[in-house]
Amino acid sequence: MLSLVTTAATAQQIAPPEIVLDQSGYYPKLEKSAVVLQAVSANGFELLSMPDRKPVYTGVLSEPKVTGYSKIKTRIADFSAFNQPGQYIIRIPGVSDSPVFRIAEGVHHDLAVAALKAFYYQRASSALDVNYAGKWNRVAGHPDTSVYIHPSAASKNRKADSKINVAGGWYDAGDYNKYVVNSGISTSTLLSAYEDFSEYFLNQEVHIPHAKNKVPDVLTEAVYNLRWMLKMQDPADGGVYHKCTNLDFDAMVMPDKALSKRYVVAKGTAATLNLAAVAAQAYRIFKHFPEQYPGLADSCLLASRNAWRWSLNNPSVIYDQDLLNKTSDLKVSTGTYGDKNLEDEWTWASAELLASTGEQAYFDAFFARLNDPVSLPSWSNVGILGYYTLIRCEGQLPERYKSVTSILKKKILTLADRYLAAFKTGPYHTVIGTSLYDFAWGSNSSAMNQSILLINSYLFSKKDVYLDAAVSNLDYVLGKNATGYSFVTGIGYKSPMHPHHRLSFADGIAEPVPGLLVGGSNREKQDGLKYDPEPELSYLDDANSYASNEIAINWNAPLVYVANAMEYLEKGMKEGMK
Amino acid sequence: MLVGIVMLVTSSTVFAQKNLVVNGGFENELDGWVDYSAKATPYMYSSGKMSSAIFSSDSSKWTGMHQVVFLPKNTQYILMSAKIKADAVSTGTKSWNGALFLFETLNKQGTKIGEGINIASVTGDEDWKLYEKAYIIPPGVTQIKLLFALGYVTGTMFIDDVSLKVITQSEFEKYL
Chain U
2 MLSLVTTAAT
12 AQQIAPPEIV
22 LDQSGYYPKL
32 EKSAVVLQAV
42 SANGFELLSM
52 PDRKPVYTGV
62 LSEPKVTGYS
72 KIKTRIADFS
82 AFNQPGQYII
92 RIPGVSDSPV
102 FRIAEGVHHD
112 LAVAALKAFY
122 YQRASSALDV
132 NYAGKWNRVA
142 GHPDTSVYIH
152 PSAASKNRKA
162 DSKINVAGGW
172 YDAGDYNKYV
182 VNSGISTSTL
192 LSAYEDFSEY
202 FLNQEVHIPH
212 AKNKVPDVLT
222 EAVYNLRWML
232 KMQDPADGGV
242 YHKCTNLDFD
252 AMVMPDKALS
262 KRYVVAKGTA
272 ATLNLAAVAA
282 QAYRIFKHFP
292 EQYPGLADSC
302 LLASRNAWRW
312 SLNNPSVIYD
322 QDLLNKTSDL
332 KVSTGTYGDK
342 NLEDEWTWAS
352 AELLASTGEQ
362 AYFDAFFARL
372 NDPVSLPSWS
382 NVGILGYYTL
392 IRCEGQLPER
402 YKSVTSILKK
412 KILTLADRYL
422 AAFKTGPYHT
432 VIGTSLYDFA
442 WGSNSSAMNQ
452 SILLINSYLF
462 SKKDVYLDAA
472 VSNLDYVLGK
482 NATGYSFVTG
492 IGYKSPMHPH
502 HRLSFADGIA
512 EPVPGLLVGG
522 SNREKQDGLK
532 YDPEPELSYL
542 DDANSYASNE
552 IAINWNAPLV
562 YVANAMEYLE
572 KGMKEGMK
Chain D
3 MLVGIVMLVT
13 SSTVFAQKNL
23 VVNGGFENEL
33 DGWVDYSAKA
43 TPYMYSSGKM
53 SSAIFSSDSS
63 KWTGMHQVVF
73 LPKNTQYILM
83 SAKIKADAVS
93 TGTKSWNGAL
103 FLFETLNKQG
113 TKIGEGINIA
123 SVTGDEDWKL
133 YEKAYIIPPG
143 VTQIKLLFAL
153 GYVTGTMFID
163 DVSLKVITQS
173 EFEKYL
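Residue numbers (my numbering), protein chains in the order written: chain U, 2 to 579; chain D, 3 to 178.
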């Protein structure tokens with residue numbers, strides 16, 4: 002079965018794309034370009050309207066560009082100046098016509114909805130109803146209502162082998178375990194999308210179960226994981242368990258067939274600060290929904306304060322799975338999410354608590370770490386999330402703390418301007434892809450987090466060029482890349498069919514669960530499979546390729562942010578409402 | 003009223019620009035400095051008539067000098083700077099080994115907080131060059147220890163025009 006799958010995938014991959022573009026389409030008022038991957042003698046290109054094949058625009062191809070890290074040469078067909086909605090192809094003498102693509106307002110609506118709904122499909126402990134999940138409906142698995150306390154997590158009130166209820170939450174990735182540190186950035190990214198674009202989300206319909214309670218779907222979905230994160234906190238002391246997990250990864254079966262014992266493992270400072278941050282952010286949001294979620298906001302603030310207090314008393318409890326396995330017979334081999342540098346977690350949590358309470362202690366903790374450099378966020382590098390928050394909440398900060406945001410903005414703009422330079426000169430006319438090091442594990446999520454940084458830069462600077470750069474990376478993950486794949490399941494004419502994702506693999510349905518962003522090109526190839534040697538082609542649509550074709554909640558969350566942000570911001574541009 | 007405002011601004015600017023380092027130009031030889039092997043020298047300088055020189059022929063040793071600077075209350079932003087010249091400074095076994103300009107943060111008890119932070123690590127030959135570091139003072143830090151040393155290398159380093167000034171936030175942001 003697997004070899005057949007692999008053969009089909011390989012067959013699909015051997016057709017080299019000649020002109021690659023955003024398979025979801027382009028916004029009329031933003032950057033629009035395609036990339037020619039074959040050598041051509043022509044210097045011009047034409048846009049033809051479809052279906053009548055009438056020339057509507059003529060442009061000049063860029064000079065050939067080299068990547069500097071591969072043998073691939075590219076030429077850019079930039080048609081940003083053309084802004085008429087419709088369906089088109091690109092024609093260049095000497096290569097096949099491009100596939101049909103759209104220019105339209107709201108062109109990424111389906112993507113924006115699908116990316117968010119993907120979280121619904123990732124729900125643990127819950128049956129997915131056919132009315133919402135369609136053909137991907139399934140019975141519940143992993144109830145997680147009686148999860149064992151692993152010896153590493155034992156405490157005075159919770160002895161080893163006793164049980165607690167940690168039901169709910171999202172499956173982390175292609176596996177069925179649940180990790181607080183990865184949940185933190187994922188949940189926060191959804192909450193940040195809401196905080197930045199609340200007006201937009203109030204009217205979005207994703208078709209997930211809710212109580213017709215006028216709560217935006219993005220919040221309904223975020224609450225599903227938030228409530229699980231809250232359960233991962235030991236109410237006796239405020240510490241948070243690192244993960245809810247099997248001892249080993251499940252087989253490639255559906256959730257209801259995965260029946261291994263589940264454990265909560267070791268409290269740690271990273272997990273606890275993640276909860277402190279997310280719960281503080283949730284407090285800010287859910288205090289505006291007291292009827293729909295009575296008591297939730299206050300519970301979140303209390304949980305956050307308790308988590309902060311535990312962290313102050315336990316400032317550097319690192320999750321070390323190797324050490325844990327040396328001291329316990331119940332050895333754990335699932336994802337580690339170990340992080341030895343927790344300064345960025347302190348930055349993030351202090352910023353969220355400062356934004357939510359305005360209290361001096363949190364400002365002091367944040368200010369004490371203001372010399373630290375910040376960079377693109379990931380599950381282990383979350384400091385800049387706190388910067389986004391304080392800039393977003395600047396208006397609500399006590400007056401004496403407001404001025405610090407100009408430092409944060411400057412640090413963010415330093416990164417944004419670097420991305421802008423990459424966008425302008427890069428071989429794919431995208432931010433990602435200018436460096437060999439861009440093609441690492443989860444490269445597509447890096448692309449989306451770069452876009453979030455650029456969107457944030459746009460929000461406080463109002464410079465359109467940051468939006469152009471941000472949307473260029475969306476073009477990248479949707480097909481304007483060397484592989485010619487749209488890396489989002491169910492979006493585009495060539496998208497992953499065999500992600501490393503147990504739900505998609507085991508459900509007996511040909512199409513994978515839709516709306517999932519796979520990891521993407523990864524020159525490090527940790528799964529040992531045979532890839533194309535070029536860094537930007539190091540991708541396999543193969544269920545075994547966990548290094549390039551797995552999915553993960555922390556990769557989908559920035560896709561949700563970017564796709565929905567662009568839908569909202571593009572509308573504003575159209576209406577001149579910036 | 004207008005005069006009062008102008009005087010206030012002028013006074014604030016003067017305060018912000020004051021060099022808190024004692025004898026940063028080494029015109030009074032090594033007054034104010036704790037030295038382990040440094041020597042004041044009139045034969046090489048960037049400004050004035052003197053500089054400090056540190057020489058080492060033993061790459062197994064750390065040799066140099068330091069000065070602890072007390073910060074005014076509620077200091078939030080500082081600028082540290084010095085001019086350094088390197089003569090035949092070898093490379094060490096670690097990437098940071100060299101002619102070093104670094105600092106440590108201390109609390110009011112004089113206890114070091116965290117690790118030292120490198121501002122410059124110079125090897126080989128290099129003419130006088132200005133090194134600067136703008137820094138945010140974390141809560142609880144009341145003193146800065148400025149250190150110059152040959153860190154596990156041989157050669158000679160010259161130091162001149164050492165400065166530590168309190169700066170404003172807007173001045174700090176110029177260094178971001």
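By construction, the Cβ of each residue, glycine as well, lies at the ideal position given by its N, Cα and C atoms. None of these values were measured; they are calculated from a predicted model.
C-beta neighbour in chain U for D:Val-164, strict 9 Å: Position 162 of the second sequence, counted from the first residue, corresponds to residue 164 of chain D. With 9 Å as the cut-off, D:Val-164 does not count as an interface residue toward chain U.
Enclosing alpha helix (DSSP H) for U:Ser-351 [first to last residue]: Here residue 351 of chain U is taken as the residue at index 350 of the first sequence, counted from 1. U:Ser-351 -> alpha helix (DSSP H) spans 344-358.
DSSP beta-bridge partners of U:Tyr-264: Taking the first residue of the first sequence as 1, we reach residue 264 of chain U at position 263. Answer by DSSP bridge pairing, in chain order: U:Tyr-149, U:Thr-246.
Own chain residues within Cβ distance below 6 Å of U:Asp-465, not counting five before or after: Position 464 of the first sequence, counted from the first residue, corresponds to residue 465 of chain U. Closer than 6 Å at the Cβ level, and outside the excluded window around U:Asp-465, lies no residue.
Start-to-end residues for the alpha helix (DSSP H) that takes in U:Lys-425: In the first sequence, residue 425 of chain U corresponds to position 424, counting from 1. 406-426 is the extent of the alpha helix (DSSP H) around U:Lys-425.
Endpoints, beta strand (DSSP E) assigned at D:Phe-72: Along the second sequence, one-based indexing puts residue 72 of chain D at 70. D:Phe-72 -> beta strand (DSSP E) spans 64-72.
Limits of the beta strand (DSSP E) - the one that U:Ser-63 falls within: Your numbering for residue 63 of chain U matches position 62 in the first sequence. Neither: U:Ser-63 is in no beta strand (DSSP E) and is coded neither H nor E.
Bridge partners - D:Ala-42, DSSP secondary structure assignment: By 1-based counting over the second sequence, the position of residue 42 of chain D is 40. According to DSSP, D:Ala-42 bridges with D:Ser-54.
Residue range of the unbroken beta strand (DSSP E) whose run includes U:Arg-76: For the purposes of this step, residue 76 of chain U is taken as the residue at position 75 of the first sequence. That run of the beta strand (DSSP E) goes 74-79.
Partner residues on chain D for U:Leu-371, Cβ-Cβ distance less than 7 Å: Numbered from 1 along the first sequence, position 370 holds the residue referred to as residue 371 of chain U. The answer, in chain order, is Ile-138.
Simplified DSSP assignment, three categories, for U:Asp-373: The residue given as residue 373 of chain U occupies position 372 in the first sequence. It is coil, neither helix nor strand.
Contact residues within the segment 128-153 of chain D, judged by C-beta distance below 7 Å to chain U: Tyr-137, Ile-138, Pro-140, Pro-141
Chain-order list of residues whose beta-carbon lies under 6 Å from that of U:Ala-304 (same chain, five-residue window excluded): What you label residue 304 of chain U is simply residue 303 of the first sequence in a count that begins at 1. Once the five neighbours on either side are set aside, the close Cβ partners of U:Ala-304 are Leu-231, Gln-234, Ala-280.
Outcome for U:Arg-502 when other beta-carbon atoms lying within 10 angstroms are tallied against a minimum of 16: The residue given as residue 502 of chain U occupies position 501 in the first sequence. The residue asked about is misnamed: residue 502 of chain U is His in this sequence, not Arg. Under this definition U:His-502 is a buried residue.
Inter-residue spacing [alpha-carbon to alpha-carbon] between U:Ala-369 and U:Asp-321: Mapped onto the first sequence, residue 369 of chain U falls at position 368. Mapped onto the first sequence, residue 321 of chain U falls at position 320. Approximately 27 Å between the Cα atoms of the pair.
Partners in chain D for U:Thr-415, counting only beta-carbon separations shorter than 9 Å: For this step, residue 415 of chain U is matched to residue 414 along the first sequence. By Cβ distance, chain D contributes Leu-178.
For U:Thr-484 and U:Lys-66, the rounded distance between their alpha carbons: Along the first sequence, read from residue 1 onward, the residue named residue 66 of chain U stands at position 65. Along the first sequence, read from residue 1 onward, the residue named residue 484 of chain U stands at position 483. When rounded, the distance between both Cα atoms is 17 Å.
U:Asn-178, buried or exposed, once every other Cβ within 10 Å from all chains shown has been counted against 16: Indexing the first sequence from 1 puts residue 178 of chain U at position 177. So U:Asn-178 ends up on the buried side.
Proximity test, Cβ basis, 9 Å: D:Phe-174 and chain U: In the second sequence, residue 174 of chain D corresponds to position 172, counting from 1. Judged by the 9 Å Cβ criterion, D:Phe-174 is in contact with chain U.
Contact list for U:Ile-408 against chain D, beta-carbon separation under 9 Å: Indexing the first sequence from 1 puts residue 408 of chain U at position 407. Within chain D, the residues near U:Ile-408 are Ile-138, Gln-171, Phe-174, Glu-175, Leu-178.
Through-space distance from D:Ala-136 to D:Phe-28, alpha-carbon basis: Indexing the second sequence from 1 puts residue 28 of chain D at position 26. Indexing the second sequence from 1 puts residue 136 of chain D at position 134. The alpha-carbon atoms of D:Phe-28 and D:Ala-136 are separated by roughly 23 Å.
CB contact check: U:Val-405 to chain D, cutoff 9 Å: Locating residue 405 of chain U in the first sequence gives position 404, where the first residue counts as 1. Interface residue, yes.
Proximity winner among U:Gly-45, U:Ser-63, U:Tyr-70, U:Asp-79, relative to U:Ala-35 (alpha-carbon distances): Position 34 of the first sequence, counted from the start, is the residue given in the question as residue 35 of chain U. Answer by Cα proximity: U:Asp-79.
Reduced DSSP category for D:Glu-134 - H, G, I as helix; E, B as strand; rest coil: Here residue 134 of chain D is taken as the residue at index 132 of the second sequence, counted from 1. Here D:Glu-134 sits in strand by DSSP.
Per-residue burial, D:Val-71 [other beta carbons within 10 Å of its own, 16 or more giving buried]: The residue given as residue 71 of chain D occupies position 69 in the second sequence. So D:Val-71 ends up on the buried side.
Per-residue burial, U:Lys-33 [other beta carbons within 10 Å of its own, 16 or more giving buried]: Taking the first residue of the first sequence as 1, we reach residue 33 of chain U at position 32. The residue is buried, with at least 16 neighbouring Cβ atoms inside 10 Å.
D:Asp-127 - DSSP class collapsed to helix/strand/coil: Here residue 127 of chain D refers to the residue found at position 125 of the second sequence. It is a strand residue.
CB contact flag (U:Ala-115, U:Gly-520, <9 Å): The count along the first sequence starts at 1 and reaches residue 115 of chain U at position 114. The count along the first sequence starts at 1 and reaches residue 520 of chain U at position 519. Going by C-beta atoms, U:Ala-115 is not nearer than 9 Å to U:Gly-520.
Contact set between the segment 354-386 of chain U and chain D, restricted to residues whose Cβ is under 7 Å from the partner: Asp-365, Phe-368, Ala-369, Leu-371, Asn-372
U:Val-21 and U:His-151 closer than 9 Å at C-beta: Here residue 21 of chain U refers to the residue found at position 20 of the first sequence. Here residue 151 of chain U refers to the residue found at position 150 of the first sequence. Their beta carbons are not under 9 Å apart, which means U:Val-21 does not touch U:His-151 by this criterion.
D:Gln-78 at chain U interface by Cβ criterion, 9 Å: As a working mapping, residue 78 of chain D is identified with position 76 in the second sequence. Closer than 9 Å to some Cβ of chain U, the Cβ of D:Gln-78 qualifies, so yes.
Span of the alpha helix (DSSP H) around U:Ala-581: In the structure as shown, chain U begins at 2 and stops at 579. Residue 581 of chain U is therefore absent and cannot be evaluated.
Spatial neighbours of U:Ser-539 in its chain, beta-carbon cut-off 7 Å, leaving aside the 5 residues before and after: By 1-based counting over the first sequence, the position of residue 539 of chain U is 538. Closer than 7 Å at Cβ, skipping near neighbours: Phe-440, Ser-522, Asn-523, Arg-524, Lys-526, Tyr-532, Asp-533, Ser-549.
Three-state secondary structure (DSSP) of D:Thr-107: Working through the second sequence from its first residue, we reach residue 107 of chain D at position 105. Reduced to three states, the DSSP call for D:Thr-107 is strand.
Residues near U:Gly-516 by beta carbon distance below 7 Å, same chain, minus five either side: Position 515 of the first sequence holds residue 516 of chain U. Here the set comprises Ala-115, Ala-116, Lys-118, Ala-119, Val-489, Thr-490, Gly-491.
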